[in-house]
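Report on the following structure.
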């Protein structure tokens, strides 16, 4: 085992092995993937376990419905190429191993030069001998290219023999950048006080603590199904993914009416905040301008305006430094004009709706 591989093993031990075994909206602080991550299954999974493969693909479409994520399905993971240093290079961003296929589900992860689960001397530690599931985070794709798989997904099933939807979403959630919800330092102990509930994760809180997150472990004594349920992504899971994986044209989303009367204030607010995001973590640099004049640097805008049309600009950044903007118009009408231009036309069309 060469020196480079030994140091690679040390890096993995330091950064991942404490978190890898399966034993959101909590960001893992390990980056995000492309919005088009490629997914493949190692070995003969497509022929030996076709129903399970299709089930996994059906489950992970939930991510596509929640955010700007489009899974690039490769089928069987391509054969590795050998690099000049003799290490394997495996294609596929998320390479999934299932039990009961041609690839061993336990033991040392296959792949010449694979650094996972090695000690400082490059010797396998035995920490992948269990049947639990795990996934690498996004920023370890390059580090673990020599490994045949980087997501291990078991078949834990419900009473009817159906593998839990939320178990699959949990592991792929890790692959997309989310961490264990129950390990937050701000968990609600009024909800649960069981062993293992709560932890030291003090950063990356994109939303308030969420007992319904698929990234939560199961705490049966507290009535928390966590990753052993079929409920799917919670509302805050979906919001966190929406924040992590925005549309290519990043729009500053807002909530509120932009056509109002002179007798009422203009009230607009960040849609992320309205959906429940922890804006002190998720976003910064808010700016609201009307007709080129700054009106607010917070997540909301509330002001009184005279009759007229006002160009609106709203912008902010997210916690990863990406910027978002919106350009629109605010129209302020007298009560008489509002009735004529808004109330009457809407009332006329209501019977047709």
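Residue numbers (mature numbering (1 follows the signal peptide of the UniProt record, and there is no 0)): -24 to -1, 1 to 329. Backbone N, C-alpha and C fix where the C-beta goes; we use that ideal spot for every residue, glycine too.
Simplified DSSP assignment, three categories, for residue 259:
In this structure, residue 259 counts as strand in the three-state DSSP scheme.
What are the residues that DSSP puts in a beta bridge with residue 51?
16
On the DSSP bridge assignment, give the partners of residue 289 in chain order.
265, 303
Distance between beta carbons of residue 191 and residue 154, contact taken as under 8 angstroms:
5 angstroms
Do you know offhand how far residue 231's Cα is from residue 244's?
6 angstroms
Taking the continuous beta strand (DSSP E) assigned at residue 70, which residues delimit it?
70 to 73
Going along the chain, which residues of its own chain have a beta-carbon closer than 7 angstroms to the beta-carbon of residue -2, five neighbours each way excluded?
Reliability fails at residue -2, whose pLDDT of 32 lies under 50, so the model's placement of it is uncertain and no value is given.
In terms of residue numbering, what span does the beta strand (DSSP E) encompassing residue 246 cover?
242 to 246
What are the partner residues of residue 202, as DSSP defines its beta bridges?
Listed as beta-bridge partners of residue 202 by DSSP are no residues whatsoever.
Starting from residue 330, trace the alpha helix (DSSP H) both ways and give me its first and last residue.
Outside the displayed range of the chain (-24 to 329) lies residue 330, so it cannot be described from this structure.
Pairing CB atoms from the region 237 to 253 with CB atoms from the region 17 to 33, are three or more of them under 8 angstroms?
Flag = no, the region 237 to 253 and the region 17 to 33 do not touch.
Residues near residue 292 by beta carbon distance below 6 angstroms, same chain, minus five either side:
228, 259, 261, 262, 300
Distance, Cα to Cα, residue 319 vs residue 203?
Rounded to the nearest angstrom, the two C-alpha atoms are 48 angstroms apart.
Starting from the Cα of residue 60, find the closest Cα among 115, 122, 268 and give me that residue.
122
Okay, do the region 169 to 184 and the region 196 to 212 touch, 3+ Cβ pairs below 8 angstroms being the bar?
yes
CA-to-CA distance, residue 147 to residue 80, given in whole angstroms
19 angstroms
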